[in-house]
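Written below as structure tokens is the structure these notes are about.
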Amino acid sequence: MTKDKDFYIAIERGEVSFNTKHGAEIYRRSLSILLECVIHELYPKASLHVGQTLMNGYFYEINGGERLTDSFIDKVTARMRKIISADEKFKKIRMKKARALRLCRKYGRDDKYKAVRYLPDAEIEIVFLRGYFDFMLAETVLSAGSLRTFRLIKYNHGFILQFPARGDIEKLPAGKDRQRKLYKVYMETKEWNRILGIQNAGDLNCAIADGSSRTLINVQEAFHERKIVEIANMIKNSFPRKRLICVAGPSSSGKTTFIKRLGVQLRADGLRSTEISLDNYFHSREKTPRTKDGDYDFESVRALDLKFLRHQMGELLDGKEIGLQEYDFKQGRRKSTGC
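Just so you know, this note's numbering puts 39 at position 29 of the sequence shown, and the rest follows in order with no gaps.
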């Protein structure tokens, strides 16, 4: 349904706008179930594995001897379009956990079995689309008719299910940026998972249940330390031609911890580094932009004093000393640290 150029998705509790985070998540989740349903119908012996987010979509791999040709993409797309045109229903039922587990065993859904086995719920909600089922751990659309915008594209040894961008249900990403570096990192992560024997949440549940979680953590830490050493060596080999290292990531993603660990490895390579936080380049409170709700928007790039940041970074790269400042969040302004 369209209202004032917005697109609303019908769910059990009414409607939700596609332009909201919740609405976009429902759209993606439902379209993913539709894709899995079609693969199940067309290639019943194949095994579909969903990977990370890539190019505003999900990266998939398929096992079972199916060749990822243009014909494969066209065939799957056509069947998805047919189900959407027929406005097939997403049917939800609740059943006892034991019955749900038997259903998984019956249809060879070992990944789903592992995922649900350790859930504390006595009952499980399951969503059915035609002859395919999945566990409904979150909401889906009521019917396939609203899933009108998507694209399947071949990508390396797999394919990507692309979703429309929030804000415009009719618009798909241009696809020019193939995000090859991000894909390379994902493949490295997949190799780590293979070594650990953890391919999905169900595998992790089993590892925790059998008491091997501490070993998993230690091996994962070893992987990270090895990677940090590799990064430190790259920096050393490019020094002094490259002297400014930028570390980006969302809030609470471990940037500070990573920088400190990287600093230790750089010190072991004979390089001294200084940590400079972008938090200390925020504008004074009166110049800080606000969100639609009226809160201070520290996630916006406009919250940073970019002119001052460029000036100080330029001074450093010219070999000059700078006076570091510290942002006082209580007072809402920067103050000198004396360094």
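Beta carbons: idealized from backbone N, C-alpha and C, even for Gly.
- Of the other Cβ atoms in all chains shown, 16 or more fall within 10 Å of the Cβ of V137; this residue is therefore buried.
- Y306 carries a strand assignment under DSSP once its states are collapsed to helix, strand and coil.
- DSSP, read as helix, strand or coil, puts V257 in coil.
- Sorting E46, R23 and E240 by C-alpha distance to the C-alpha of L139 places E46 at the top.
- For V229, the enclosing alpha helix (DSSP H) starts and ends at S223 to S248.
- For G212, the enclosing alpha helix (DSSP H) has its first and last residue at A211 to A219.
- Uninterrupted alpha helix (DSSP H) stretches at least 4 residues long and entirely within the stretch 158-210 occur at 190-206, given in chain order.
- Taking the C-beta atoms as reference points, I163 is found no nearer than 7 Å to F69.
- For D315, the three-state secondary structure derived from DSSP is coil.
- For T87, the enclosing alpha helix (DSSP H) starts and ends at D80 to S95.
- One Cα belongs to G342, the other to E35, and the distance between them is close to 35 Å.
- Per DSSP, Y291 is not a residue of any beta strand (DSSP E), being assigned neither H nor E.
- The three-state secondary structure of Y128, taken from DSSP, is coil.
- Taking a C-beta distance under 7 Å as the contact criterion, A56 and I72 qualify as a contact pair.
- Residue pairing by DSSP puts V60 in a beta bridge opposite Y70.
- DSSP places F138 outside any alpha helix (DSSP H); the residue lies instead in the beta strand (DSSP E), whose first and last residues are E133 to L139.
- For the pair I49 and E149, the CB atoms are not nearer than the 7 Å cut-off.
- Cβ neighbours of K317 within its own chain (closer than 7 Å, five residues either side excluded): none.
- K237 and A96 have their C-alpha atoms roughly 50 Å apart.
- Its Cα nearest to that of V311, the residue P260 stands out among P260, D303 and F339.
- Counting other Cβ atoms within 10 Å of its Cβ, T159 reaches 16 or more and is therefore classed as buried.
- By a beta-carbon distance limit of 8 Å, N29 does not contact G212. Their separation comes to about 33 Å.
- Membership of R343 in the beta strand (DSSP E) is indicated by the continuous run R343 to S346.
- For the set N215, R295, I255 and G33, the Cα lying nearest the Cα of L129 is the one of N215.
- The beta carbon of E98 sits closer than 7 Å to the beta carbons of L139, R140, S153 and A154 from its chain, once the five residues preceding and following it are set aside; these are given in chain order.
- Excluding its 5 nearest sequence neighbours in each direction, L272 has C-beta neighbours in its own chain below 7 Å: I238, I241 and A242, listed in chain order.
- Fewer than three Cβ pairs drawn from the stretch 84-94 and the stretch 196-212 lie within less than 8 Å of each other, which leaves the two stretches out of contact.
- Straight through space, the alpha carbons of R190 and G304 are spaced by roughly 38 Å.
- Cα atoms of G333 and S346: separation of roughly 7 Å, rounded to the nearest angstrom.
- Residues R253 and L254 of the same chain have their beta carbon placed closer than 7 Å to that of L327, with the five preceding and five following residues left out of the count.
- A check of alpha carbon separations from R39 across A125, V151, M105 and G118 identifies V151 as the nearest.
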